[in-house]
Amino acid sequence: MTAGDVVGFAFRALRGHRLRTALSLLGVSIGVAAVITLTALGEGARRYVLAQFAAVGSNMVVVLPGRAETTGAMPGFGGTPRDLTLDDALAVARGVPGVDKAAPLVIGTETVAFGARRRQVAVAGSSHEMLEVRRLSVARGRFLPEQPWDRGAPVVVLGSKLAAELFPGAEPLGQVVRIGDWRMRVIGVTAPRGQQLGMDMDDVAIVPVATAMQMFDRSSLFRLLLQARSHHRLDTVKAATLKLLSERHGEEDVTVITQDAVLSAFDSILGALTRALGGLAAISLAVAGVGIMNVMLVSVSERTREIGLLKALGAGRRQVLAAFLAEAVLISSAGGVLGLALGFAAVQVLVAIFPALPASPPAWAVAAAFLMSVAVGAVFGVVPARRATRLDPVAALGGR
Amino acid sequence: MIRLVDICRTYDLGGNPVRALVDVTEEIASGEHLAIMGPSGSGKSTLLHVLGCLDRPDAGRYELDGRDVSALDDDALSLLRRHTIGFVFQSFHLVPRLTARENVELPMVFAGVPAAERRERAMAKLRAVGLEPRASHRPDQLSGGERQRVALARATVLEPKLLLADEPTGNLDGASGRHVLEILSRMNADGLTLVVVTHDPAVARRARRLIVLRDGHVVFRGSGEQIHEAVELLSTGDGEGDAAPAPGRP
Numbered sequence: 598m599t600a601g602d603v604v605g606f607a608f609r610a611l612r613g614h615r616l617r618t619a620l621s622l623l624g625v626s627i628g629v630a631a632v633i634t635l636t637a638l639g640e641g642a643r644r645y646v647l648a649q650f651a652a653v654g655s656n657m658v659v660v661l662p663g664r665a666e667t668t669g670a671m672p673g674f675g676g677t678p679r680d681l682t683l684d685d686a687l688a689v690a691r692g693v694p695g696v697d698k699a700a701p702l703v704i705g706t707e708t709v710a711f712g713a714r715r716r717q718v719a720v721a722g723s724s725h726e727m728l729e730v731r732r733l734s735v736a737r738g739r740f741l742p743e744q745p746w747d748r749g750a751p752v753v754v755l756g757s758k759l760a761a762e763l764f765p766g767a768e769p770l771g772q773v774v775r776i777g778d779w780r781m782r783v784i785g786v787t788a789p790r791g792q793q794l795g796m797d798m799d800d801v802a803i804v805p806v807a808t809a810m811q812m813f814d815r816s817s818l819f820r821l822l823l824q825a826r827s828h829h830r831l832d833t834v835k836a837a838t839l840k841l842l843s844e845r846h847g848e849e850d851v852t853v854i855t856q857d858a859v860l861s862a863f864d865s866i867l868g869a870l871t872r873a874l875g876g877l878a879a880i881s882l883a884v885a886g887v888g889i890m891n892v893m894l895v896s897v898s899e900r901t902r903e904i905g906l907l908k909a910l911g912a913g914r915r916q917v918l919a920a921f922l923a924e925a926v927l928i929s930s931a932g933g934v935l936g937l938a939l940g941f942a943a944v945q946v947l948v949a950i951f952p953a954l955p956a957s958p959p960a961w962a963v964a965a966a967f968l969m970s971v972a973v974g975a976v977f978g979v980v981p982a983r984r985a986t987r988l989d990p991v992a993a994l995g996g997r
Numbered sequence: 463m464i465r466l467v468d469i470c471r472t473y474d475l476g477g478n479p480v481r482a483l484v485d486v487t488e489e490i491a492s493g494e495h496l497a498i499m500g501p502s503g504s505g506k507s508t509l510l511h512v513l514g515c516l517d518r519p520d521a522g523r524y525e526l527d528g529r530d531v532s533a534l535d536d537d538a539l540s541l542l543r544r545h546t547i548g549f550v551f552q553s554f555h556l557v558p559r560l561t562a563r564e565n566v567e568l569p570m571v572f573a574g575v576p577a578a579e580r581r582e583r584a585m586a587k588l589r590a591v592g593l594e595p596r597a598s599h600r601p602d603q604l605s606g607g608e609r610q611r612v613a614l615a616r617a618t619v620l621e622p623k624l625l626l627a628d629e630p631t632g633n634l635d636g637a638s639g640r641h642v643l644e645i646l647s648r649m650n651a652d653g654l655t656l657v658v659v660t661h662d663p664a665v666a667r668r669a670r671r672l673i674v675l676r677d678g679h680v681v682f683r684g685s686g687e688q689i690h691e692a693v694e695l696l697s698t699g700d701g702e703g704d705a706a707p708a709p710g711r712p
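Chains as they are written, first to last, in our numbering: chain A, 598 to 997; chain B, 463 to 712.
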């Protein structure tokens, strides 16, 4: 009995019970489609986050005040981090070898108004270097002027969305807007950039860092963004920055993170999430396997006489086993193929609905889902097939 | 060709032992046509199943073609059934989803005959039983007589030495039954050893030799012409427990 004979025999048997076969097949295909769709979602989230980081720049080192270990302590009881001052930032920019660009960052929220139009947005205080460090580009006018960081200026660069909201159909350049109590001249508008690490860079007002510190009455920077000259110097930049600031502060009270560390943390978290989603979806495949087993058990008891006949005609135990196992595997693998098609179609729909999400099932999930669907048939088909081989031929011929 | 010595088969029926065959000793020569008669429950189907290696005797010795088959394992018995024995059943036992030709091909599938050869041989067998034009019909599109002829073609397609028929005309009308019997007789004339279990004296009469079973014992041995004695024995209930002398025994 060749493999082709086994498959042909199984196929004819399944064709005899189309509805039953179709329903079991559907069970498997839903399982496979769930694996494909959910892992595609997880993978989409991972790629989205990684792309966000990549957009920020891959050689970035971020300095933030306070040690990671000291957070969570009661304020006023030693937990308040020492300020990360503009002088610190300047010292790092000048004193740490391998730093290509440094941009201080202060963040606050304020109402930006022009005439009767008002909009509450994030106000970022930074410097000329931010343009390159955050990979921004200017659509109109210019970015913050190159000037010492400790010198403020009543100028503002608007995000594209903020500019469009405040100046619908009008030219914002040269206009004076109010930010809180401050009157600031618009010197530029950035090109649309979209969300960047959770911050809508199109709906932001960028002012000189010294102005922002005054505006929000801050003595400390929110972050110091450093761009290393090359990727392989990230670690030395990190170590040197930490050393320099520790010396200045008398203790290690800042946290320096490289983007690589954050990236790999996100990568592993979201990768684990994807695998967990795939695992959850795989449970439905196991349930589908139980469905196949049920259908095959019914099939064996319905076809008792046929099994008796096959034995009378000289079918060996292995041939009967193969015939019934092939039915289960045929159902499950056909369900697997259909599930892949359904899954990929669902992913296409998802991408159409959420174009920003680069949802696409990882190759391992596609392979695992299909192989699992085949395995489900083989594993859950064994019990019914063995039952068929164990039937006593005389009793089976009598339908018992 | 066949030698049965003191074959016993006892079933357990709800905790009660039922002795289906008791010390049956019989020899069947190659090319012989034997009819087995007996009332329901007499053990004739059990004897047929033992002869066909579908059932194992509890005791005794069964030699087929000079080989002791009592001790063979399941796989060896499958091979034996596949190549040496053909079965025809009262209820035809055709696979409903397969065409007549595919049903005839079935034993060849298990025997590993290549597809093209299978098709050719199946068509030749169907031609021999007058069913070539019906080759692509499924069983539900065939008459009872045609179904039994398909079953006959299937039973003999691998050219077995022994054909076992269990009430082959039991579900057929007179004309269809006669047609099937004629084919069986022709096959027997061509050298096939034929063992037929039947209630029907008209079927038994055609056999060269006839045995009657009652309660697992052989109670009558004779020729096909002695059918009237056998029928009389069956109708009167004589000979119960009084086994006819076995051939070759003192």
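C-beta: ideal position from N, C-alpha, C; glycine also.
Since the structure is predicted, the reported quantities are computational estimates derived from the model, not experimental observations.
Chain-ordered neighbours of L910/A on chain B, where CB pairs are closer than 8 Å: R543, R544, F549, L568, P569, F572 and R616
Using the C-alpha atoms, what's the distance from V659/B back to L554/A? The requested residue 554/A is not part of the displayed model; chain A covers only 598 to 997.
DSSP three-state assignment for M657/A, whether helix, strand or coil: Reduced to three states, the DSSP call for M657/A is strand.
Chain A contact for L646/B (CB, 8 Å cutoff): no
Can you tell me whether T667/A is buried or exposed, with buried defined as 16 or more other CB within 10 angstroms of its CB? Interpretation of T667/A is limited by its pLDDT of 46, a score under 50 that renders its predicted location unreliable; the figure taken from the coordinates is listed afterwards. It is exposed - the Cβ of T667/A has fewer than 16 other Cβ atoms within 10 Å.
Is it the case that the Cβ atoms of L999/A and A920/A are separated by a distance below 8 Å? Because chain A spans 598 through 997 in this model, residue 999/A falls outside it and cannot be assessed.
For M499/B, the first and last residue of its enclosing beta strand (DSSP E): H495 to M499
Between the segment 609-616 of chain A and the segment 832-849 of chain A, do at least 3 Cβ pairs fall closer than 8 Å? Because the criterion of three Cβ pairs below 8 Å is not met, the segment 609-616 of chain A and the segment 832-849 of chain A do not touch.
Residues of chain B with CB under 7 Å from D602/A, in chain order? V571
Any C-beta of chain A under 8 Å from that of E694/B: no
Within 8 Å, do at least three Cβ pairs link the segment 626-644 of chain A to the segment 936-947 of chain A? yes
Name the chain B residues that come within less than 8 Å of A610/A, Cβ to Cβ? Going along chain B in sequence order, the residues near A610/A (Cβ under 8 Å) are R559.
Extract the residue ranges of the alpha helix (DSSP H) inside the segment 914-968 of chain A, only unbroken runs of 4 or more that lie entirely within it. 914-950
First through last residue of the alpha helix (DSSP H) which encompasses V552/B: Looking at the sequence provided, one finds Gln at residue 552/B rather than Val. No alpha helix (DSSP H) holds Q552/B; DSSP gives it neither H nor E.
Does the CB of D677/B have a neighbour CB from chain A at under 8 Å? no
Which chain B residues are close to D903/A, counting only those with a beta carbon under 9 Å from its beta carbon? Strictly speaking, residue 903/A in this sequence is Glu, with Asp absent from that position. Correct list: H555, V557 and P558.
Less than 8 Å separating the beta-carbons of R668/B and V619/B? no
Secondary structure of R984/A, DSSP reduced to three states: helix
Which of the three DSSP states is assigned to A597/B in this structure? In the three-state DSSP reduction, A597/B falls in the coil class, being neither helix nor strand.
Leaving out five residues before and five after A586/B in sequence, what residues of the same chain have Cβ atoms less than 7 Å from its Cβ? none
Excluding the 5 residues preceding and the 5 following T472/B in the sequence, name in chain order all residues of the same chain whose CB lies nearer than 6 Å to its CB. By the criterion of a C-beta distance shorter than 6 Å, T472/B is surrounded in its chain by P479, R481 and D520, once the five residues flanking it on both sides are discounted.
If you reduce the DSSP assignment to three classes, tell me which class D536/B lands in. Under the three-state reduction of DSSP output, D536/B falls in the helix class.
Per-residue DSSP class, three states only, for T599/A: coil
E594/B versus T561/B, P622/B, D677/B and A573/B, residue with shortest Cα-Cα distance: Per the Cα distances, T561/B.
Could you tell me whether the segment 650-664 of chain A touches the segment 755-775 of chain A, where touching means 3 or more Cβ pairs closer than 8 Å? no
Just curious, the beta strand (DSSP E) that L907/A is in, first and last residue? First-last for L907/A: T901 to A909, but that is the alpha helix (DSSP H), not the beta strand (DSSP E).
Minimum length 3: unbroken beta strand (DSSP E) runs contained in the segment 681-739 of chain A: Runs of the beta strand (DSSP E) inside the segment 681-739 of chain A: 696-711, 714-723 and 735-738.
The segment 519-536 of chain B: positions lying closer than 7 Å to chain A by Cβ: D536
Considering only C-alpha positions, which residue in the set G601/A, I633/A and M598/A is nearest to V944/A? The shortest CA-to-CA distance from V944/A to any of G601/A, I633/A and M598/A is the one to I633/A.
DSSP has R471/B in a bridge; who is on the other side? L483/B
How big is the Cα-Cα spacing for D814/A and E762/A? 27 Å
Rounded straight-line distance, which links the Cα of V926/A to that of F551/B: 32 Å
Short-range partners of chain C found in the segment 913-929 of chain A, where Cβ spacing is below 7 Å: Among the protein chains of the structure shown, namely A and B, there is no chain C.
Got a sec, what are the start and stop residues for the alpha helix (DSSP H) P990/A sits in? P990 to L994
Three-state class that DSSP yields for L623/A in the structure shown: helix
What do you get for E768/A, buried or exposed, if any count of 16 or more other CB atoms within 10 angstroms of its CB means buried? Exposed.
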